[in-house]
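Enquirer:
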Amino acid sequence: MDTLEVIWTKDEQGVEWVNDACGNKCSVAWFGSREAAEKSLRSLEDCDDCVNCSYCRSCSSCRYCRYCSDCSSCLSCSSCRYCSDCRYCRSCSSCSDCRYCSDCSYCSSCRYCSYCSDCSYCSYCSSCSYCRYCRSCSDCRSCSSCREKNGDSTGGQKLPPVQIPKIENIHAVIYEACSAPGALDMSAVHTCGSTHCRAGWTTTKAGAAGAALEARFGWLLAAMMIYRESGYQISPNKFFETDEVAMEDMRKLAEQEVAASAAAQG
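As numbered in the numbering used here, residues 630 to 895 make up the sequence shown, in order.
#1: Below 7 Å between beta carbons: does that hold for T871 and A852?
#2: Going by beta carbon distance, what residues of the same chain come within less than 8 Å of A650, once the five residues before and after it are set aside?
#3: At what residues does the alpha helix (DSSP H) containing I803 begin and finish?
#4: Classify V881 as buried or exposed, calling it buried when 16 or more other Cβ atoms lie within 10 Å of its own Cβ.
#5: Could you please give the first and the last residue of the uninterrupted alpha helix (DSSP H) stretch that includes E884?
#6: If you reduce the DSSP assignment to three classes, tell me which class S672 lands in.
#7: Considering Cα atoms alone, identify which of T824, K834, S823 and G822 is closest to A801.
#8: Could you check where the alpha helix (DSSP H) with K834 kicks off and where it finishes?
#9: From which residue to which residue does the beta strand (DSSP E) around E645 run?
#10: Would you report the Cα separation of C703 and R716, rounded to the nearest angstrom?
#11: With DSSP run on the structure shown, which of helix, strand or coil describes K795?
#12: Short of 6 Å in beta carbon distance, which residues of its chain neighbour E858, apart from the five on each side in sequence? Order them along the chain.
#13: Using three-state DSSP, classify R740 as helix, strand or coil.
#14: Helix, strand or coil: which one does DSSP assign to L850?
#15: Give me the DSSP bridge partner(s) of T824.
#16: Ends of the beta strand (DSSP E) at S656?
#17: Please work out which residues of its chain come closer than 6 Å, Cβ to Cβ, to I799, disregarding the five sequence neighbours upstream and downstream, and give them in chain order.
#18: Please work out which residues of its chain come closer than 8 Å, Cβ to Cβ, to G784, disregarding the five sequence neighbours upstream and downstream, and give them in chain order.
#19: Straight-line CA distance for R761 to Y856?
#20: Tell me whether the beta-carbon of T824 lies closer than 7 Å to the beta-carbon of A812.
#21: At 4 residues or longer, what runs of the alpha helix (DSSP H) sit wholly inside the segment 658-714?
#22: Going by the beta-carbon positions, is the gap between Y735 and S720 smaller than 7 Å?
#23: My output table needs one value for I863: the three-state DSSP class, helix, strand or coil.
See the structure below:
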């Protein structure tokens, strides 16, 4: 039985937080309700000083992460393992045993990297060190200062360069697609041709380029890359919400997008 004792507090802005004795805390503003915030806090195991994380284990000083373990000082990552002191890395997924990386973003399935900085959209890198400003690399081994490099671990076969599609008015497009009866199912990426989750609709609406991106990087990273290219940096948490919570978030973003467009036109 869960015996975790929690304490509810309010900050200076009036935001409610649920806290535990290990310094972890989750906010109602981030998770949408008191119940969801407390559930996320209780889902943490052996974590310390983490903020708005959920389903993580043995992590410390991380922010907005999900399903990570044994990580420290990471931001908005998901399903990473044994990473430490990766400061200001954001939105990485399925990386493991990386150390002292910083300002990396949208990297996926990297392993044993160290002292890398300002890398983005890399995938399946291994044993990289002191890399800087690398972009769209894959299958690298002990590389340094490379760009647009694809490794030859597959017998010299080169992967095609990454093409990230942009969706104009992405919030309105995705909200309209998800609003059709039976169109949204957050429990599965692609249920059928007319039913997808939020990320599934994102790659689908991006056309062939979206499908290619998903095939190469996976649905989560591909959807985040498309959102970013379209002008919005989305948290990976948004792709793991319920149908109701996701629809409300998409509705608000679509309305804000329409209002901003109208204001820009005078």
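In this text, a Cβ means the ideal position worked out from N, Cα and C, and glycines have one as well.
Expert: Let me lay it out:
#1: no
#2: E634
#3: I799 to S808
#4: Per the sequence shown, the amino acid found at residue 881 is Lys instead of Val. So K881 ends up on the exposed side.
#5: D872 to A893
#6: helix
#7: K834
#8: R827 to K834
#9: E645 to N648
#10: 6 Å
#11: coil
#12: I793 and K795
#13: strand
#14: helix
#15: C821
#16: K654 to S656
#17: S859
#18: Confidence at G784 is low in this model, with a pLDDT of 35, below 50, so its placement is unreliable and the value that follows should be read with caution. Around G784: no qualifying Cβ.
#19: 24 Å
#20: yes
#21: 663-672
#22: yes
#23: coil
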